[in-house]
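Top line first, the protein sequences correspond to chains A and B. 242 is the number that my numbering gives the last residue of the first sequence; the numbers go up by one with no jumps. 242 is the number that my numbering gives the last residue of the second sequence; the numbers go up by one with no jumps. Ideal Cβ placement from N, Cα and C applies to all residues, glycine included. For reference, the structure discussed in these notes is given below.
Number of protein chains: 2
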Amino acid sequence: MKVAYIQTSPIFGEKEQNFNQIDDLSTDLKADLIVLPELFATGYTFKSRDEANKLAESSNGKTYQFLKSLSFKTSAIIVGGFIELLKGKIYNSSLLVFKDLIKATYQKIHLFNQEKLWFSPGKEKYRVYDINNTKIGIMICFDWIFPEATRSLALQGAEIIAHPSNLVLPYCQNAMKIRCLENRVFAVTTNRIGKESRGDNRFLFTGGSQITSYNGEVLAKAPKDEIHVEVVSIDVSNAQNKKLNDYNDLFKDRNPQLYTYE
Amino acid sequence: MKVAYIQTSPIFGEKEQNFNQIDDLSTDLKADLIVLPELFATGYTFKSRDEANKLAESSNGKTYQFLKSLSFKTSAIIVGGFIELLKGKIYNSSLLVFKDLIKATYQKIHLFNQEKLWFSPGKEKYRVYDINNTKIGIMICFDWIFPEATRSLALQGAEIIAHPSNLVLPYCQNAMKIRCLENRVFAVTTNRIGKESRGDNRFLFTGGSQITSYNGEVLAKAPKDEIHVEVVSIDVSNAQNKKLNDYNDLFKDRNPQLYTYE
């Protein structure tokens, strides 16, 4: 199957322009799974909770409608981030959309830095979606630093981790090699580029979107400061085989009863 | 405090020569913790379980006596690997020795490759030892690929991971940057060098012993093919602070109730 990232440069608060940017970049894109950045339509650097609130939507809102149209246009499964309004709270969420057949959301569990001022942390467990015989798990950005996030998805059978991101630290791309290797899963980490300077907050987003193989190999990597699209063919069945050699199966070799969890 | 690795080139089966090699290398070595390789006195590449059995000792044997004398000579806490004979089974173990005050063993939980033919897997949980106000955890070599190993030690308060190794794969040193970063602990990964070619088995040990900081920085790294000793001063109190920024404490931010464990 073919997996793709679309590394964009969102304009803060301008959803329609950000949809159009992706629409342009996805013309002629042939992929089975396309991963977009975290909060790709809103931007990231909020001045207040109220500002984030105003950009929030239900999972049936404009962003969902755009992702559904993108899925129909490309015939791909789409994963991308948005601010989700749910029962009066707002979350840093990602939508997974496949035409009008599948819609799912993940509310980011591990919020980074000032995200804690704007968003509620997700309280639903990590989940895996079986779509067209491929098992896809979702995590968002800072989830990478908690090995339990990727592990939870992989133990549930995820073959590919869709990983929308807005990265500002220099560690994640290297860490994803280890996450994929230790779990023998593929990952599509899609970052954004550009600066946002609003109020007292400044962020430089570091690009370098990365498609990582089950053996820790980097299959594609974007520049740090350019809009970029990449498609890679992968044999997803490799993620079903947890054997490192004739004697070691990385999942069967685990000893959960000997580990400390809290 | 000062932590050190002694990267050696063991001679298969020649315990006395291997003790002497370390004795020579530790002359004038000033450190509070010295980590030796996995199975540093026996070599690694066994032809049979019987051969490994013949090189096994109780935790009061020759290797313990050597480590105790090394601890008295250097005034350091010593961690190093040996084949442990315990209740009729043999284990790929490490001893932790501090003069005649402290003796502890760890039986390797995650056996690599043909080690499964010779050794029984450890069935005791990871443990942390508080010695001279420093909290030390032990893991051995292939334990690195299971994030639960370092995590279990760090959650129990380990500040430094003593990590005797006989590495043959190219991933561990990079992975240890992530293990230290995600747990905010220090690690001393001590590898060996040299080739062993015995029976059908050939291993090239890849050196590159590494002292890794709580922030993922490499503080010292040995050559891949030379005997090497390095001492690094660390401020171990950094490992007690799990805060990455004003908002994120990497341990308090965990959500154990949302993770999947089996």
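On the premise that residue j lies in contact with residue i, defined as a C-beta separation below 8 Å, what is that separation, rounded to the nearest angstrom?
{"i": "A:G23", "j": "A:I(-9)", "result": "7 Å"}
{"i": "A:Q136", "j": "A:V108", "result": "4 Å"}
{"i": "A:A202", "j": "A:G188", "result": "6 Å"}
{"i": "A:F78", "j": "A:I118", "result": "Between A:I118 and A:F78 the Cβ distance is about 13 Å, and since that is not below 8 Å, they are no contact."}
{"i": "B:T186", "j": "B:V148", "result": "6 Å"}
{"i": "B:P17", "j": "B:G61", "result": "6 Å"}
{"i": "A:P144", "j": "A:V59", "result": "6 Å"}
{"i": "B:V165", "j": "B:A219", "result": "5 Å"}
{"i": "A:I120", "j": "A:A56", "result": "Not confirmed; about 19 Å, so no contact."}
{"i": "B:E95", "j": "B:V216", "result": "Contact doesn't hold; Cβ gap of about 31 Å is too wide."}
{"i": "B:I70", "j": "B:L19", "result": "Wrong, their Cβ atoms sit about 11 Å apart, outside the cutoff."}
Would residue i be called buried (16 or more neighbouring beta carbons within 10 Å of its own) or exposed?
{"i": "A:D3", "result": "exposed"}
{"i": "B:F126", "result": "buried"}
{"i": "B:L97", "result": "exposed"}
{"i": "B:Q45", "result": "exposed"}
{"i": "B:E104", "result": "exposed"}
{"i": "A:E242", "result": "exposed"}
{"i": "B:T7", "result": "exposed"}
{"i": "A:K249", "result": "In the structure displayed, chain A extends from -19 to 242; residue 249 of chain A sits before or after that span and is not available."}
{"i": "B:E115", "result": "Reading off the sequence, residue 115 of chain B comes out as Lys, not Glu. B:K115 is buried by the Cβ-count criterion."}
{"i": "B:D123", "result": "buried"}
{"i": "A:N221", "result": "exposed"}
{"i": "B:G179", "result": "exposed"}
{"i": "B:S51", "result": "buried"}
{"i": "A:D12", "result": "buried"}
{"i": "B:N113", "result": "exposed"}
{"i": "A:N163", "result": "buried"}
{"i": "A:S73", "result": "buried"}
{"i": "B:L75", "result": "buried"}
{"i": "B:N171", "result": "buried"}
I want to verify the contact list: residues of chain B whose CB lies under 7 Å from the CB of residue i, in sequence order.
{"i": "A:H90", "result": "D233"}
{"i": "A:G196", "result": "Y151"}
What are the partner residues of residue i, as DSSP defines its beta bridges?
{"i": "A:A281", "result": "Since the first residue shown for chain A is -19 and the last is 242, residue 281 of chain A is missing from the structure and cannot be characterised."}
{"i": "B:Y71", "result": "B:E64"}
{"i": "A:L230", "result": "None; A:L230 has no bridge partner."}
{"i": "B:K105", "result": "Beta-bridge pairing links B:K105 to no other residue."}
{"i": "A:T85", "result": "A:L75"}
{"i": "B:A(-16)", "result": "B:I14, B:V211"}
{"i": "A:Q45", "result": "Paired residue(s): none; A:Q45 is not in a bridge."}
{"i": "A:S177", "result": "A:R182"}
{"i": "B:D110", "result": "B:K115"}
{"i": "A:I58", "result": "A:I14, A:V77"}
{"i": "B:Q153", "result": "Its beta-bridge partners do not exist; DSSP assigns none."}
{"i": "B:I191", "result": "B:V168, B:A200"}
{"i": "A:E37", "result": "A:E64"}
{"i": "A:K223", "result": "A:D229"}
For residue i, go through chain B and note every residue whose CB falls closer than 9 Å to its CB, in chain order.
{"i": "A:L131", "result": "The question names Leu, yet the displayed sequence has Arg at residue 131 of chain A. Within chain B, the residues near A:R131 are P127, E128, Y239, T240, Y241."}
{"i": "A:P236", "result": "E128, Y241, E242"}
{"i": "A:Y71", "result": "Per Cβ cutoff of 9 Å: no residues; A:Y71 is ~14 Å from chain B at best."}
{"i": "A:A202", "result": "Those do not exist, as A:A202 stays about 21 Å from chain B at its closest Cβ, beyond 9 Å."}
So residue i contacts chain A; which residues on that side make the cut at Cβ distance below 8 Å?
{"i": "B:K222", "result": "Correct list: empty, because the minimum Cβ distance to chain A is about 11 Å."}
{"i": "B:I191", "result": "Here the premise fails: no neighbours, minimum Cβ distance about 18 Å."}
{"i": "B:Y106", "result": "L238, Y239, T240"}
{"i": "B:I140", "result": "Simply none; closest approach about 17 Å."}
Going along chain A in order, which residues have a C-beta closer than 9 Å to the C-beta of residue i?
{"i": "B:N171", "result": "Those do not exist, as B:N171 stays about 18 Å from chain A at its closest Cβ, beyond 9 Å."}
{"i": "B:N228", "result": "H90, L91, F92, N93, K96, F122, I125"}
{"i": "B:I118", "result": "Simply none; closest approach about 14 Å."}
Taking residue i as the query, report the chain A residues whose CB atoms sit under 7 Å from its CB, ordered along the chain.
{"i": "B:G137", "result": "By Cβ distance, chain A contributes nothing, its closest Cβ being about 10 Å from B:G137, past 7 Å."}
{"i": "B:L161", "result": "Y151"}
Mind pulling the chain B residues with CB within less than 8 Å of residue i?
{"i": "A:N225", "result": "N93"}
{"i": "A:A155", "result": "I158, L161, E162"}
For residue i, decide whether its Cβ has a neighbour in chain C, counting only Cβ atoms nearer than 9 Å.
{"i": "A:K103", "result": "Of the chains in the structure shown, none is chain C; the protein chains are A and B."}
- Assess, as a yes-or-no matter, whether the stretch 24 to 35 of chain A is touched by the stretch 128 to 145 of chain A under the definition of 3 or more beta carbon pairs within less than 8 Å. no
- Touch check for the stretch 194 to 208 of chain A and the stretch 170 to 180 of chain B: three-plus C-beta pairs under 8 Å? no
- Query: Can at least three beta-carbon pairs, one atom from the stretch 41 to 58 of chain B and one from the stretch 189 to 196 of chain B, be found at a separation below 8 Å?
  - Reply: no
- Taking contact to mean at least 3 C-beta pairs separated by less than 8 Å, is the stretch -5 to 9 of chain B in contact with the stretch 140 to 155 of chain B? no
- Take every Cβ of the stretch 85 to 96 of chain A, pair it with every Cβ of the stretch 157 to 166 of chain A, and state whether three or more of those distances are shorter than 8 Å. no
- Query: Counting Cβ pairs, one atom from each stretch, are 3 or more of them under 8 Å apart for the stretch 227 to 235 of chain A and the stretch 224 to 236 of chain B?
  - Reply: no
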